[in-house]
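Here is the structure we will look at, set down as structure tokens.
Protein chains: 2
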Amino acid sequence: MKRPTIADIADRAGVSRSAVSFALNDQPGVSEETRQRVLAVAAELGWRPHSAARALRGGRAGAIGLALQRPARLLGAEPFTMELISGLESELSARSCGLNLQVVEDTEAEIATYRRWWAEHRVDGVIVLNLRDADPRVGVLEDLHLPAVVIGGPAGTGSLPSIWSQDAAGMTDVVEYLAALGHRRLAHVAGDPDMRHIVDRTTALHEVCRLRGLPEPVTVRADYSDEDSAQATRRLLASPDRPTAIIYHTDLTAVTGLEVALEMGLSVPDELSLVAFNDSRLCRLVNPKLTALAHDIPGRGAQAARMLFAAIDGGPGADSQPAEPYRLLPRGSTGKYRTR
Amino acid sequence: MKRPTIADIADRAGVSRSAVSFALNDQPGVSEETRQRVLAVAAELGWRPHSAARALRGGRAGAIGLALQRPARLLGAEPFTMELISGLESELSARSCGLNLQVVEDTEAEIATYRRWWAEHRVDGVIVLNLRDADPRVGVLEDLHLPAVVIGGPAGTGSLPSIWSQDAAGMTDVVEYLAALGHRRLAHVAGDPDMRHIVDRTTALHEVCRLRGLPEPVTVRADYSDEDSAQATRRLLASPDRPTAIIYHTDLTAVTGLEVALEMGLSVPDELSLVAFNDSRLCRLVNPKLTALAHDIPGRGAQAARMLFAAIDGGPGADSQPAEPYRLLPRGSTGKYRTR
DNA sequence: GTCGGCGATGGTGGGGCGCTTCACGGCCGT
DNA sequence: ACGGCCGTGAAGCGCCCCACCATCGCCGAC
Chain A
1 MKRPTIADIA DRAGVSRSAV SFALNDQPGV SEETRQRVLA VAAELGWRPH
51 SAARALRGGR AGAIGLALQR PARLLGAEPF TMELISGLES ELSARSCGLN
101 LQVVEDTEAE IATYRRWWAE HRVDGVIVLN LRDADPRVGV LEDLHLPAVV
151 IGGPAGTGSL PSIWSQDAAG MTDVVEYLAA LGHRRLAHVA GDPDMRHIVD
201 RTTALHEVCR LRGLPEPVTV RADYSDEDSA QATRRLLASP DRPTAIIYHT
251 DLTAVTGLEV ALEMGLSVPD ELSLVAFNDS RLCRLVNPKL TALAHDIPGR
301 GAQAARMLFA AIDGGPGADS QPAEPYRLLP RGSTGKYRTR
Chain B
1 MKRPTIADIA DRAGVSRSAV SFALNDQPGV SEETRQRVLA VAAELGWRPH
51 SAARALRGGR AGAIGLALQR PARLLGAEPF TMELISGLES ELSARSCGLN
101 LQVVEDTEAE IATYRRWWAE HRVDGVIVLN LRDADPRVGV LEDLHLPAVV
151 IGGPAGTGSL PSIWSQDAAG MTDVVEYLAA LGHRRLAHVA GDPDMRHIVD
201 RTTALHEVCR LRGLPEPVTV RADYSDEDSA QATRRLLASP DRPTAIIYHT
251 DLTAVTGLEV ALEMGLSVPD ELSLVAFNDS RLCRLVNPKL TALAHDIPGR
301 GAQAARMLFA AIDGGPGADS QPAEPYRLLP RGSTGKYRTR
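Chains as they are written, first to last, in full-length UniProt numbering: chain A, 1 to 340; chain B, 1 to 340.
What follows is the structure, given as structure tokens:
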């Protein structure tokens, strides 16, 4: 089976290749009658533009890139990524734009991927995840003039448009909620403290605690692995003045934390309250169900895609904007602290 | 910043564009000295081949396609996909080949995507997931001569190479294990009964039960949604002669089932044993941990990628082959049946 | 009333995007 | 003189679009 080209259509329709091109691209220069004839022939032959030829001609690559920076063993556990992708897709498919995925080991590899994508004309723009402090990716993308939308920020994104979750506000909500339940000794299990959103949340946490006159909250670091996040919770709970509420920065670590707490014989929420950032089905699968901060991740993906298109087109609409705020969903894992 | 082209290198190195091309592609026709000079200049300019130009010239698109057929709201919950992708990537990046992702609503849309990818020269081959009975995708891909590797089978893949999990063997292991624990009334919660692997497992289940003299196992259908799989388990457990062991075809439905069972006041595993196909972190997050059939999904992804490359190159190594068999991992959710 | 000029309309030809590759042509050594 | 070895020129992949051209209707000048 041979893919039809514009020349095939031209032959069949009895016109020149230019005329076909004009007709197919809604360009002036052909009569309405010819245009219809050409379109009919094209449909009949099942013609579709050769993406490489289009791209070569100086047009778009017709795809955007998403580099996922995570160790292979953790991919999959986190629902976030797939939800984001599904949101991106909803916009991409409407513009019949492809999505190029690449799993990378670290920031250096991610940057190399951007350079390669740029040099090979593989993508028209990229979505950047997990912004860090002084993130080197920003400068590289600016230098390359590769359109990009950062999910995270708004600080530290340079000239790149970003869509930022309102992390400080989310954290504030949580603390107010926990304080209202009578909690005073708070802790949180944080991932990489370089991450912009972790920084924002941590700052807010300390700030609100100070304002409310609560003791200084405790921070424990943990990567996203099973063992590490379990260990983090275990350390917190083994402490003599253990916290009465723990905030987790991902659903995954929270669920792990819950298991550890139950294992250690603590009653949740009577003796310990748990809250997770990033609601997902995971939070509803465990018992008690986890109180979580939810936000519409597919929606954010779609918004990011729209912004990226705007940035690629160079038109308006590519300004940084906040994402919809977090919604606090109280569930069974939080309650008043009661000694038994 | 302008992307350098072969002409730029030719100018700088003082040779013709052809010579540059030969040098860069390890083609004979240039002296070793010239080759080195050209390579040096290319490296200096940071040259990379323009993927579109290569593809247009009749070469490869330099990417493979993966169409994910699932409703947006379920994407993300299943760890399977991302693990598979990470496995694919490990091979792809070694051959600096891209991965094109597309989320589609149904089989029809998936087929349309294949046709589009083919017509637009976007991918060199595709990975096909979730083979069904009389799957229409197979014929389409054969007609298009689009290289493809099916994950699933081995029956019903036509001329397409496949990599098939040994579902019947896995199911047999489970039943033997449960029978050894004294279980007699078995049930399973199955997804779409069209799916090839579900069919294979179901057939094996009935077969082994027959051989062992166990009563006919009960089948309950459930899609992958929260509510549906919960409802399925609830129905099973409400029955007067309820099963003493339930087998789930995904980790996700199993976890949901466990929650339902505990909610209904059943003790697991004393009154009910649960087994999940597809081990994942989910299975270890719940309490009791779920007995599961594990297999190396990233490994399978890598294997699929290698086979696809073989199919694309038209060389050997593109024959169907079994995946590594399932490993049964007994955990807390299975045990002898004890009435209390 | 006729005719030349002119703009609008509908269509063709061809170049070029960056890369590969085939046909050829100097220039050695034997 | 002839066969390797190096290297060049040019064509062409499919598409887009600029430069052109033919035709025709219109209008004002004669």
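All C-beta atoms, glycine included, are put in the ideal place defined by N, C-alpha and C. Every value quoted in this text rests on a predicted model; they were computed, and no experiment measured them.
Exercise. Tell me whether ASN25 of chain B is buried or exposed, calling it buried when 16 or more other Cβ atoms sit within 10 Å of its Cβ.
Key: Numbered from 1 along the second sequence, position 25 holds the residue referred to as residue 25 of chain B. Classification for ASN25 of chain B: exposed.
Practice problem: Could you run through the region 226-240 of chain A and flag, in chain order, every residue whose CB is less than 7 Å away from some CB of chain B? | Solution: Taking a C-beta cut-off of 7 Å against chain B, the contacting residues of the region 226-240 of chain A are ASP226, listed in chain order.
Quiz item: DSSP three-state call for TYR177 of chain A: helix, strand or coil?
Solution: As a first step, residue 177 of chain A is located in the first sequence; it is residue number 177 there, counting from the start. Three-state DSSP puts TYR177 of chain A in a helix.
Quiz item: From B:GLU105, B:VAL140, B:ALA134 and B:ASP135, pick the residue whose C-alpha is nearest to that of ALA119 of chain B; which is it?
Solution: Your numbering for residue 119 of chain B matches position 119 in the second sequence. Minimum Cα distance to ALA119 of chain B is reached at B:VAL140.
Quiz item: For the candidate residues B:LEU272, B:ARG234 and B:TYR326, whose alpha-carbon lies nearest to that of SER333 of chain B?
Solution: Within the second sequence, residue 333 of chain B is the residue found at index 333, counting from 1. The residue with the shortest Cα to Cα distance from SER333 of chain B is B:LEU272.
Exercise. Could you pull out every unbroken beta strand (DSSP E) segment of at least 3 residues lying fully inside the UniProt region "Disordered" (316-340) of chain B, listed in chain order?
Key: Whole beta strand (DSSP E) segments, 3+ residues: 327-329.
Quiz item: What did DSSP end up calling LEU66 of chain A once you bin it into helix, strand or coil?
Solution: Position 66 of the first sequence holds residue 66 of chain A. In the structure shown, LEU66 of chain A sits in a strand (DSSP, three-state: E or B).
Quiz item: What is the DSSP secondary structure of GLN27 of chain A, reduced to helix, strand or coil?
Solution: If you number the first sequence from 1, residue 27 of chain A lands on position 27. In the three-state reduction of the DSSP assignment, GLN27 of chain A falls in the coil class.
Quiz item: Touch check for the region 300-313 of chain A and the region 146-163 of chain A: three-plus C-beta pairs under 8 Å?
Solution: Counting C-beta pairs with one atom in each stretch, the region 300-313 of chain A and the region 146-163 of chain A have three or more that are closer than 8 Å, which means they touch.
Quiz item: So ALA232 of chain A packs on VAL189 of chain A, CB below 8 Å; how close in whole Å?
Solution: Looking up residue 232 of chain A in the first sequence gives position 232. Looking up residue 189 of chain A in the first sequence gives position 189. Right, the Cβ-Cβ distance comes to about 5 Å (below 8 Å), so this counts as a contact.
Quiz item: For GLU83 of chain B, which residues of its own chain have a beta-carbon under 6 Å away from its beta-carbon, when the five flanking residues on both sides are left out?
Solution: Here the question's residue 83 of chain B lines up with position 83 in the second sequence. Leaving aside the five residues that flank GLU83 of chain B on each side, the residues in its chain whose CB is nearer than 6 Å to its CB run, in chain order, ILE297 and PRO298.
Quiz item: Would you say ILE127 of chain B faces chain A, with C-beta separation under 8 Å as the test?
Solution: Numbered from its first residue, the second sequence carries residue 127 of chain B at position 127. No - not a single Cβ of chain A is within 8 Å of the one on ILE127 of chain B.
Self-check item: Whole-angstrom distance between GLY65 of chain B and LEU258 of chain B, CA atom to CA atom
Solution: Start at 1 with the first residue of the second sequence, and residue 258 of chain B comes out as number 258. Start at 1 with the first residue of the second sequence, and residue 65 of chain B comes out as number 65. Looking at the two C-alpha atoms, the distance is approximately 36 Å.
Quiz item: If we call anything under 8 Å between Cβ atoms a contact, is ALA63 of chain A one with LEU88 of chain A?
Solution: Reading the first sequence from its first residue, position 63 is the one you call residue 63 of chain A. Reading the first sequence from its first residue, position 88 is the one you call residue 88 of chain A. Contact: no.
Self-check item: chain A contact residues for HIS121 of chain B, given Cβ-Cβ distances below 8 Å
Solution: On the second sequence, position 121 is the one that residue 121 of chain B refers to. Residues of chain A passing the Cβ test: ARG3, HIS50, SER51 and ALA52.
Practice problem: For ASP143 of chain A, count neighbouring Cβ atoms within 10 angstroms of its own Cβ and tell me buried if that reaches 16, exposed if not. | Solution: Within the first sequence, numbered from 1, the residue matching residue 143 of chain A stands at position 143. Classification of ASP143 of chain A: exposed, given that the 10 Å Cβ count is below 16.
Quiz item: Can you name the start and end residues of the beta strand (DSSP E) that GLY98 of chain A belongs to?
Solution: Translated into the one-based positions of the first sequence, residue 98 of chain A becomes position 98. 98-104 is the span of the beta strand (DSSP E), which, as asked, contains GLY98 of chain A.
Exercise. Determine the direct distance from the alpha carbon of THR113 of chain A to that of ASP106 of chain A, and round the result to whole angstroms.
Key: Along the first sequence, one-based indexing puts residue 106 of chain A at 106. Along the first sequence, one-based indexing puts residue 113 of chain A at 113. Each residue's alpha carbon lies about 11 Å from the other.
Practice problem: With DSSP collapsed to three states, give me the class of THR107 of chain B. | Solution: Working through the second sequence from its first residue, we reach residue 107 of chain B at position 107. Reduced to three states, the DSSP call for THR107 of chain B is helix.
Exercise. With a 10 Å radius around its C-beta and 16 neighbouring C-beta atoms as the bar for buried, classify GLY335 of chain A as buried or exposed.
Key: By 1-based counting over the first sequence, the position of residue 335 of chain A is 335. So GLY335 of chain A counts as buried.
Practice problem: Verify the CB distance criterion: does ILE85 of chain B have a CB-CB separation below 8 Å to chain A? | Solution: Indexing the second sequence from 1 puts residue 85 of chain B at position 85. Taking Cβ atoms only, chain A reaches closer than 8 Å to ILE85 of chain B, which makes this a yes.
Practice problem: Spell out whether any CB of chain A is found under 8 Å from the CB atom of ASN278 of chain B. | Solution: Counting from one through the second sequence, the residue named residue 278 of chain B turns up at place 278. It does not: the Cβ of ASN278 of chain B has no partner Cβ on chain A nearer than 8 Å.
Quiz item: Looking only at C-alpha atoms, which of A:LEU211, A:ALA305, A:ASN130 and A:ASP8 sits nearest to GLY191 of chain A?
Solution: Taking the first sequence and counting its residues from 1, the one referred to as residue 191 of chain A is at position 191. The shortest C-alpha separation from GLY191 of chain A is found at A:ASN130.
Quiz prompt | Where the beta strand (DSSP E) containing residue 341 of chain B begins and where it ends | solution = Coverage of chain B is limited to positions 1 through 340, which leaves residue 341 of chain B absent and any answer about it impossible.
Quiz prompt | Selection from B:ARG185, B:PRO49 and B:TRP117 that minimises the alpha carbon distance to ARG122 of chain A | solution = For this step, residue 122 of chain A is matched to residue 122 along the first sequence. Comparing C-alpha distances from ARG122 of chain A to each of B:ARG185, B:PRO49 and B:TRP117 shows the shortest one belongs to B:PRO49.
Quiz prompt | Through-space distance from ASP241 of chain A to LEU178 of chain A, alpha-carbon basis | solution = Residue 178 of chain A sits at position 178 when you count from the first residue of the first sequence. Residue 241 of chain A sits at position 241 when you count from the first residue of the first sequence. Whole-angstrom Cα-Cα distance: 17 Å.
Quiz item: Should the region 304-313 of chain A be called in touch with the region 156-164 of chain A, which here means at least 3 C-beta pairs below 8 Å?
Solution: Cβ pair count under 8 Å is three or more, so yes.
Self-check item: Counted within 10 angstroms of its Cβ, other Cβ atoms place GLU32 of chain A as buried (16 or more) or exposed
Solution: Within the first sequence, the letter at position 32 stands for residue 32 of chain A. It counts as exposed.
Quiz item: With distances taken between CB atoms, is the gap from ALA276 of chain B to ALA292 of chain B smaller than 8 Å?
Solution: Sequence index remark: in the second sequence, residue 276 of chain B carries index 276 (1-based). Sequence index remark: in the second sequence, residue 292 of chain B carries index 292 (1-based). It is a contact, given that the beta carbons lie within the stated cut-off.
Quiz item: What's the gap between the Cα of VAL220 of chain A and the Cα of LEU237 of chain A?
Solution: As a first step, residue 220 of chain A must be located in the first sequence, where it is residue number 220. As a first step, residue 237 of chain A must be located in the first sequence, where it is residue number 237. The alpha-carbon separation between VAL220 of chain A and LEU237 of chain A amounts to approximately 11 Å.
Quiz item: Rounded to a whole number of angstroms, what is the C-alpha to C-alpha distance between ASP11 of chain A and ARG116 of chain B?
Solution: Taking the first sequence and counting its residues from 1, the one referred to as residue 11 of chain A is at position 11. Taking the second sequence and counting its residues from 1, the one referred to as residue 116 of chain B is at position 116. Cα to Cα, the separation comes out at about 23 Å.
Quiz prompt | Nearest candidate by alpha-carbon position, reference SER225 of chain A, set A:ASN287, A:VAL255 and A:THR5 | solution = As a working mapping, residue 225 of chain A is identified with position 225 in the first sequence. When only C-alpha atoms are compared, the closest one is A:VAL255.
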